[in-house]
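Enquirer: My structure is below; once you've seen it, I'll send some questions.
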Amino acid sequence: MRLKKWYQFFSDREKIGITKELTTSILSRKRSMCNILEYGEHKVIYKKYASLYFAAGVDWNENELYVLEVIHRYVQVLDEYFGNVCELDIIYNFDKAYEVLDELIIGE
535 MRLKKWYQFF
545 SDREKIGITK
555 ELTTSILSRK
565 RSMCNILEYG
575 EHKVIYKKYA
585 SLYFAAGVDW
595 NENELYVLEV
605 IHRYVQVLDE
615 YFGNVCELDI
625 IYNFDKAYEV
635 LDELIIGE
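Add 534 to the 1-based position in the sequence shown for the working numbering, that's all there is to it.
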């Protein structure tokens with residue numbers, strides 16, 4: 535996982551466990567399966583673009599289609615900025631990727 539942003543507090547140990555479990559779950563799913571996972575008190579919505587996976591963990595009352603739209607908009611903005619975003623763009627420009635994410639999610 536190249537880019538992670540947490541908007542709720544979790545201990546470092548919890549973050550590692552959650553990341554490991556979700557990475558394994560998402561990568562093992564077939565393409566024809568639903569892109570929404572139940573995960574404890576939350577749900578995880580993910581989308582694959584080319585070879586990149588984008589995922590968001592949200593509360594149960596969040597609208598899944600809205601979250602998918604936010605993920606799609608984030609990818610569009612990264613594509614506009616980098617010109618067809620790829621993993622290396624995120625690795626070498628992680629600060630810009632975080633900045634775009636914060637601006638999209640919390641408006642800073």
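Built from N, CA and C at the ideal position, the CB exists for glycine as well.
When DSSP builds the beta bridges, which residues end up paired with tyrosine 579?
Expert: For the record, residue 579 in the displayed sequence is isoleucine; it is not tyrosine. Isoleucine 579 is bridged to Ile570 and Ala590.
Enquirer: Going by DSSP in three states, glutamate 610 sits in which element: helix, strand or coil?
Expert: Sequence check: residue 610 is glutamine here, not glutamate. Residue state, collapsed to three classes: helix.
Enquirer: If you reduce the DSSP assignment to three classes, tell me which class serine 585 lands in.
Expert: Of the three classes helix, strand and coil, the one that applies to serine 585 here is coil, per DSSP.
Enquirer: Which same chain residues end up closer than 8 Å to isoleucine 560 when comparing Cβ atoms and leaving out the 5 residues on each side of it in sequence?
Expert: So the list reads Leu571, Val578, Tyr580, Tyr587 and Ala589, once near-sequence residues are dropped.
Enquirer: Can you give me the Cβ contacts of aspartate 593 inside the same chain, cut-off strictly under 7 Å, excluding the 5 residues immediately before and after it?
Expert: Counting only Cβ-Cβ distances below 7 Å, and skipping sequence neighbours, we find His576.
Enquirer: Considering only the alpha carbon of each residue, which of Asp629, Tyr583 and Tyr626 lies closest to valine 609?
Expert: Ranking the options by Cα distance to valine 609, first place goes to Tyr583.
Enquirer: Whole angstroms are fine: how far does the CA of asparagine 618 sit from the CA of valine 634?
Expert: Rounded to the nearest angstrom, the two C-alpha atoms are 15 Å apart.
Enquirer: Could you check whether isoleucine 624 and alanine 631 sit closer than 7 Å to each other, using their CB atoms as the reference points?
Expert: Going by C-beta atoms, alanine 631 is nearer than 7 Å to isoleucine 624.
Enquirer: Label glycine 591 either buried or exposed according to how many other C-beta atoms from any shown protein chain fall within 10 Å of its C-beta, with 16 as the threshold for buried.
Expert: Its Cβ being crowded by 16 or more others within 10 Å, glycine 591 is buried.
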